[in-house]
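Colleague:
Numbering (this note's numbering), first residue to last: -9 to 164.
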């Protein structure tokens, strides 16, 4: 089965929106330091671009959480593959995610990180797919709300392919 990728959001549109989110976070956290927690692998492209556009001091950490495997739908089982390297106590944490889909993974992750006693926890996602929501999660910073399509690019993959696309595309299976 071959895939075709149809452009949903251009590289220019994604870049402009990330700049706006960076400016908003900089205003919201003026005089403070933010600790970005990237959810690997998909969030890495977005977090790197976002961090460059935040003007307050930034620190970063990474964790890997899985609920997909090689499928296109969430399995519903959340597994911590790599935990954080640094403690979160008293930090202003922003979880940076590529996409909020069912909400299961993020709900689990937010609760787990809040137990580590940060000063605050916010959620920032490049893409939000509200039509797929099973568990309600509050998204503080959203790049784009998108339709219920399987998307790739800018860190998002289909079976580990297409992460390096500089735009967001819809996977069309032939």
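Just so you know, even glycine gets a beta-carbon here, dropped at the ideal spot from N, CA and C. It should be emphasised that the depicted structure is a prediction, and the values quoted were computed from it without experimental measurement.
Could you tell me if residue 125 is buried or exposed, where buried requires 16 or more neighbouring beta carbons within 10 angstroms of its beta carbon?
Modeller: That one is exposed.
Colleague: Based on the DSSP secondary-structure assignment, which residues constitute the bridge partners of residue 86?
Modeller: According to DSSP, which records beta bridges pairwise, residue 86 is partnered with 28, 114.
Colleague: Assuming residue 82 and residue 19 form a contact by the criterion Cβ under 8 Å, report the distance between their Cβ atoms to the nearest whole angstrom.
Modeller: About 6 Å; that satisfies the 8 Å criterion.
Colleague: Can you have a look at residue -6 and say buried or exposed, based on whether 16 or more other CB atoms are within 10 angstroms of its CB?
Modeller: Burial call: exposed.
Colleague: With burial defined as no fewer than 16 other Cβ atoms inside 10 Å of the residue's Cβ, what is the status of residue 60: buried or exposed?
Modeller: For residue 60, the pLDDT reaches just 48, beneath the cut-off of 50, and the residue's location in the model is therefore unreliable, although a value from the coordinates is still provided. By the 10 Å Cβ count, residue 60 comes out exposed.
Colleague: With burial defined as no fewer than 16 other Cβ atoms inside 10 Å of the residue's Cβ, what is the status of residue 108: buried or exposed?
Modeller: Buried.
Colleague: Would you check if the distance between the CB atom of residue 106 and the CB atom of residue 77 is smaller than 9 Å?
Modeller: Yes, they are a contact pair.
Colleague: Quick one: give me the first and last residue of the alpha helix (DSSP H) that residue 98 is part of.
Modeller: 94 to 104 is the span of the alpha helix (DSSP H), which, as asked, contains residue 98.
Colleague: Counting along the chain, where does the beta strand (DSSP E) carrying residue 158 start and finish?
Modeller: Note, residue 158: beta strand (DSSP E), 158 to 163.
Colleague: Checking 9 Å against the spacing of the C-beta atoms, do residue 147 and residue 115 come in under that value?
Modeller: Their beta carbons are not under 9 Å apart, which means residue 147 does not touch residue 115 by this criterion.
Colleague: For residue 133 versus residue 4, is the C-beta spacing smaller than 9 Å?
Modeller: Yes. Within cutoff.
Colleague: In angstroms with no decimal places, state the Cα-to-Cα distance between residue 187 and residue 25.
Modeller: Residue coverage of the chain in this structure runs from -9 to 164, which leaves residue 187 outside it and unanswerable.
Colleague: Below 8 Å on the Cβ atoms is my contact criterion, and I expect residue 86 with residue 35 to pass it. Report the Cβ-Cβ distance as a whole number of Å.
Modeller: Between residue 35 and residue 86 the Cβ distance is about 10 Å, and since that is not below 8 Å, they are no contact.
Colleague: Does residue 149 come out as helix, strand or coil in the three-state DSSP assignment?
Modeller: If DSSP states are grouped into helix, strand and coil, residue 149 belongs with coil.
Colleague: Identify the residues that DSSP records as bridge partners of residue 72: which are they?
Modeller: The partner list for residue 72 (beta bridge, DSSP) reads 54.
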